[in-house]
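In the working numbering, the protein residues as written are 142 to 493. Virtual Cβ for every residue (Gly too), placed ideally from N, Cα, C.
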Amino acid sequence: MPAEPSPSPLRVLSGIQPTGRFHWGNYFGAIRQYIELQTAGDAYYFIADLHALTTVREPARLRALVHDAAVDLVALGLDPERATLFVQSDVPEVTELTWLLMTVTPMGLLERCHAYKDKKARGLAADAGLFTYPVLMSADILAYDATVVPVGEDQVQHIEVCRDLAGTFNHLYGDVFTLPKPRLVEAGARVPGTDGQKMSKSYENTIDVFEEPAVQKKKIMRITTDSRPMEEPKDPAGDHLFALHELVATPTQRAALADLYRRGGFGYGEVKKALVEAAARFFAEARQRRADLERDPDRIEAILAAGAARARAQAGAVLDRARQACGLERRPGRGRPRAAGSARPAGGGGSP
Ligand code: TYM
């Protein structure tokens with residue numbers, strides 16, 4: 142028998158929720174990395190509609206958001222010829238894998254996870270979907286033998302949970318899962334919002350990538366600033382307006398603004414205007430690509446269908462490996478036939 146091919150050394154995977162339009166935190170923390178890494182190895186990126194179900198309860202809206210998310214990702218530079226782009230719920234193998242992982246998940250581990258803890262602390266009712274969210278996320282990652290997961294800082298805890306669960310499963314059943322590592326970028330790991338806290342839909346402090354320019358301008362002009370006198374020199378480090386400008390400005394513009402901060406004697410209004418202009422330039426090409434894609438919805442559907450087929454083949458192989466390892470045999474005539482290539486690829490296990 143020919144030997145199983147070894148997995149590519151870099152298997153990149155990440156997911157993003159379609160809970161609203163993408164904001165700068167999503168782009169600079171995650172999407173920009175997706176695009177950069179699509180040429181560095183095998184890459185799988187998906188739209189996490191199952192995760193979004195814990196917050197989006199209107200079916201038509203969810204459908205529209207999933208479509209918009211796919212259009213946005215391609216417009217921003219995700220290349221479906223290089224990376225596999227798919228919708229999470231198109232791969233039911235992942236939900237089955239979630240159950241296998243759930244059986245090795247300590248309750249205490251999930252009780253410490255921040256999405257659930259934050260909601261509880263705010264006095265809101267959490268459902269089991271939100272509580273077990275990190276287990277589904279772990280299955281998302283492990284189903285593709287991912288080695289690298291590009292994310293923002295807020296997802297690192299979840300990747301640690303994934304490593305924990307994979308480690309426990311491997312300890313119990315042998316070398317089944319590949320342990321992933323998060324990948325963060327310094328400049329975008331925690332993009333601040335218009336109020337200086339982490340940019341997040343739930344804090345209503347986002348600047349969205351593709352919002353109407355007039356809406357975006359209004360939001361930028363309302364960014365909170367400190368009330369120190371204009372003449373006073375200011376340290377650009379730690380200033381969220383400066384940090385936002387830094388993301389979209391050219392290196393020359395960045396250096397000029399840092400100088401201005403250190404010298405003092407400027408108004409924040411000037412900085413905000415510069416930010417509006419730099420942002421418009423930075424995303425101009427993507428906006429144009431988005432407008433073109435909007436006119437071709439069949440293209441997006443075809444991309445997602447091809448992506449789902451590739452993703453299912455990969456996730457099916459890993460699921461079979463996990464099922465066999467824990468004693469859930471697939472027998473002829475009972476259930477789905479075993480996926481091709483479900484044996485553990487040589488050299489793919491353990492910590493990378
Ligand atoms: P989500 O949809 O909340 O966010 C998508 C990505 O955007 C990053 N991000 C930020 N980065 C920097 N600064 C910010 N202010 C900021 N806000 C958001 C997030 O860190 C994330 O990388 N649970 C995930 C989705 C998911 C997933 C996965 C990710 C499901 N399964 C498997 C990786 C692997 C989430 O809710 O991301």
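Residues P275, M278 of the same chain have their beta carbon placed closer than 6 Å to that of H299, with the five preceding and five following residues left out of the count. Short of 8 Å from the beta carbon of I282, and not among the five residues preceding or following it, lie these beta carbons of its own chain, in chain order: L154, V290, I300, C303, P321.
The secondary-structure analysis by DSSP pairs R324 across a beta bridge with P291.
Rounded to the nearest whole angstrom, the C-alpha separation of V215 and Q179 is 12 Å. Per DSSP, the continuous beta strand (DSSP E) segment holding S155 begins and ends at 152-157. Remark: three or more beta-carbon pairs, one from each stretch, lie closer than 8 Å, so the stretch 403-420 and the stretch 352-372 are flagged as touching. Remark: C-beta atoms of E222 and G457 do not approach each other more closely than 9 Å. Excluding five sequence positions before and after L434, the CB atoms of its chain that fall closer than 8 Å to its own CB belong to V212, V215, A216, R440, I441, given in chain order. Annotated three-state conformation of L469 is coil, per DSSP. Residue P377 holds the alpha-carbon nearest to the alpha-carbon of G405 among P377, W165, V292, V207. Secondary structure of Y285 (DSSP, three-state): coil. Given a length threshold of 4 residues, each whole run of the alpha helix (DSSP H) inside the stretch 164-226 is given here in chain order: 173-178, 190-193, 200-216. About 5 Å separates the CB atoms of L271 and T195; that is less than 8 Å, so the two are in contact. Per DSSP, the beta-bridge partners of P333 are K339. Contact between the stretch 228-244 and the stretch 258-272 is absent: fewer than 3 CB-CB pairs across the two stretches fall below 8 Å. In the structure shown, T366 adopts coil according to DSSP, grouped into three states.
M362 has its alpha-carbon roughly 59 Å from the corresponding atom of L469. Between the stretch 197-209 and the stretch 407-415, the count of C-beta pairs closer than 8 Å stays below three; the two stretches do not touch. The beta carbon of I300 sits closer than 8 Å to at least one heavy atom of ligand 1. For A256, the CB contacts under 7 Å within the same chain, skipping 5 residues up- and downstream, are L271, Y274 in chain order. Between D286 and T319, the CB-CB gap stays under 9 Å.
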